[in-house]
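Residue numbers (this note's numbering): 381 to 573. Built from N, CA and C at the ideal position, the CB exists for glycine as well. As the structure is a prediction and not an experimental result, all values here were calculated from the model.
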């Protein structure tokens, strides 16, 4: 599948996306067509999460160096400002991309690009974030998301056991707080390495 076949509305660098989210906080808003107090509050929370994770995540230099010269030359992450998983994963992905100068790193909004997200559904849903890894011609070689595999398995186990969603969200937040982006970086390095 080629990324260039999708009509992309706009792209953000990580810095542009972070500024976009900060501006949403100032405007007391959130990305996407659905505007709610809850989504706005998640956007506010996610700005502080992204700031924290970006400061703490440090990709393993030797593993990052092994990616130089690989076929993957562009990374695109599909997300929205209110997504808690994205707030934990985006900074780790951005740090990895920064460590590989030949990688172009972009972020696109899910709800502005329905054709793109619909090509990468998770169990039939538009789960985010989704990271796409492609070659210089736009061929999508790998994709990842919406969260690290070990966390996804724990989430699905709780869901299947009938645990309330709010309780699963707390479990995932604790996991992310302890992990500090390390698992995201490891999975991406293994996926494209």
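| message | By DSSP's criteria, residue 486 is part of a beta bridge. Which residues make up the other side? | response | 456
| Can you tell which of 437, 492, 483 has its C-alpha closest to the C-alpha of residue 471? | 437
| CB-CB under 6 angstroms to residue 502, same chain, minus the five flanking residues each way: which ones, in chain order? | 526
| query | What are the start and end residues of each continuous alpha helix (DSSP H) run of 4 or more residues lying completely inside the segment 408 to 436, in chain order? | reply | 417 to 436
| With 16 as the cutoff for other CB atoms within 10 Å, does residue 396 come out buried or exposed? | exposed
| request: For my contact list, residue 433 and residue 456 are in at a C-beta cut-off of 8 angstroms; report their separation, rounded to the angstrom. | output: About 19 angstroms separates the two Cβ atoms, so there is no contact after all.
| task | Assign residue 505 to buried or exposed, taking buried as 16 or more other Cβ atoms, counted over all protein chains shown, within 10 Å of its Cβ. | result | exposed
| query | Given a threshold of 16 other Cβ atoms within 10 Å of its Cβ, counted over all protein chains shown, does residue 568 qualify as buried or as exposed? | reply | buried
| message | Suppose the cutoff is 6 angstroms on Cβ atoms and the five residues either side in sequence are ignored; what does the same chain contact list for residue 384 look like? | response | 518
| said: Let's see if you can read the secondary structure: which residues bound the alpha helix (DSSP H) around residue 524? | reply: First-last for residue 524: 520 to 524, but that is the beta strand (DSSP E), not the alpha helix (DSSP H).
| request: Express the C-alpha separation of residue 461 and residue 467 in angstroms, rounding to a whole number. | output: 8 angstroms
| query | Does DSSP classify residue 569 as helix, strand or coil? | reply | helix
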